[in-house]
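Remarks on the structure that follows.
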Amino acid sequence: NTDIQSFIEKLSNCIKEIRLVDSKNESEEHLKSPIKKFLSSTFYKKNEINTKERIDLAIYLGNDSTYDVGVVIEAKRPSNKSEFPTTKNLNKKALQELLLYYLRERIDNKNNNIKHLVITNGLEWFFFKGSDFYDLFFKNKDLVKQYELFRDGLKDTSKNELFYNEIASKYIDEVKNKLPFVHLDFSKENLESLSHKKAET
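Just so you know, we're using my numbering here: the sequence shown kicks off at 833 and counts up by one.
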């Protein structure tokens, strides 16, 4: 199937670029370009993909930024293992950041069109449903209250670290066994050989 072959090639190119960025010790900002290129050439050809405020990459539900954000993406470098979740421990800084951006978007921007939330380093991908964040986080009145106190500067610091370490971490911990996710790991895949096999069949 040429579609599958094309997808594998684009993913393979994305991973190569990300490994190159990581080997050069570039900042996480440099990761956004290959991920954006991959997404805009595969699943989201008609959607605007860009940063929004502190969100690493936001996929809008239309072809420009006047539309609501439908997908929120948090990107980390592959070598940044301390902040990246594992299947056995989701409660890392990347998910804490994702929760902050979700609450800002959902509460402050009144965006009820968030479909998916993603954490990726280009090699590994964690996918969460917006509906699960709604049920487990947005409907938690205590979490929303703590977020609003933090947002309004009523805590002893307005630094994001307070939100990550003392608010997000606590509430993620409470639901970590209930929060569904899909995990894809391409870090050990030889996508080039897979692409050749597909081409032969």
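All C-beta atoms, glycine included, are put in the ideal place defined by N, C-alpha and C. Since we're looking at a predicted model, the values are computed, not measured.
Other residues of its chain near residue i: CB distance less than 7 angstroms, five sequence neighbours each side excluded
i: residue 1014; result: 959
i: residue 888; result: 864, 905, 906 and 907
i: residue 954; result: 846, 847, 850, 863, 866, 867 and 910
i: residue 937; result: 901, 904, 943 and 946
Pairwise C-alpha distance: residue j and residue i
i: residue 805; j: residue 949; result: Because residue 805 is not part of the residues shown, which for the chain are 833 to 1033, the question remains open.
i: residue 980; j: residue 939; result: 9 angstroms
i: residue 978; j: residue 906; result: 22 angstroms
i: residue 999; j: residue 1005; result: 10 angstroms
i: residue 860; j: residue 993; result: 18 angstroms
i: residue 893; j: residue 869; result: 17 angstroms
i: residue 975; j: residue 946; result: 18 angstroms
i: residue 990; j: residue 896; result: 31 angstroms
i: residue 843; j: residue 836; result: 11 angstroms
i: residue 935; j: residue 969; result: 8 angstroms
i: residue 943; j: residue 1012; result: 22 angstroms
i: residue 962; j: residue 913; result: 25 angstroms
i: residue 1008; j: residue 915; result: 16 angstroms
i: residue 872; j: residue 891; result: 9 angstroms
Bridge-paired residues (DSSP) for residue i
i: residue 1005; result: According to DSSP, residue 1005 bridges with nothing at all.
i: residue 776; result: It is not possible to answer for residue 776, since the shown part of the chain is limited to 833 through 1033.
i: residue 949; result: 904 and 960
i: residue 856; result: Per DSSP, none; premise fails for residue 856.
i: residue 884; result: 887
i: residue 892; result: 901
Same chain only: Cβ atoms within 8 angstroms of residue i, ignoring 5 sequence neighbours per side
i: residue 996; result: 925, 928, 929 and 932
i: residue 1029; result: The predicted model places residue 1029 with a pLDDT of 47, which falls under 50 and marks its position as unreliable; any figure quoted below should be read in that light. Around residue 1029: no qualifying Cβ.
i: residue 853; result: 862, 863, 866 and 909
Residues near residue i by beta carbon distance below 6 angstroms, same chain, minus five either side
i: residue 941; result: none
Anticipated Cβ contact below 8 angstroms, residue i with residue j, distance rounded
i: residue 1018; j: residue 847; result: 6 angstroms
Nearest neighbour of residue i, chosen from the options [CA to CA]
i: residue 1043; options: 923, 883 and 844; result: No information on residue 1043 is available, as it lies outside the stretch 833 to 1033 that the chain covers here.
i: residue 903; options: 882, 918, 858 and 1011; result: 882
i: residue 876; options: 972, 1003 and 839; result: 839
i: residue 917; options: 1010, 951, 880 and 884; result: 951
i: residue 1010; options: 965, 1016 and 987; result: 965
i: residue 898; options: 886, 885 and 880; result: 880
Proximity test, residue i beta-carbon vs the ligand MG heavy atom, cut-off 7 angstroms
i: residue 895; result: No copy of the ligand MG appears in this structure; indeed no ligand is present at all.
Residue i at chain C interface by Cβ criterion, 8 angstroms
i: residue 882; result: Note that chain C does not occur in the displayed structure, where there is just one protein chain.
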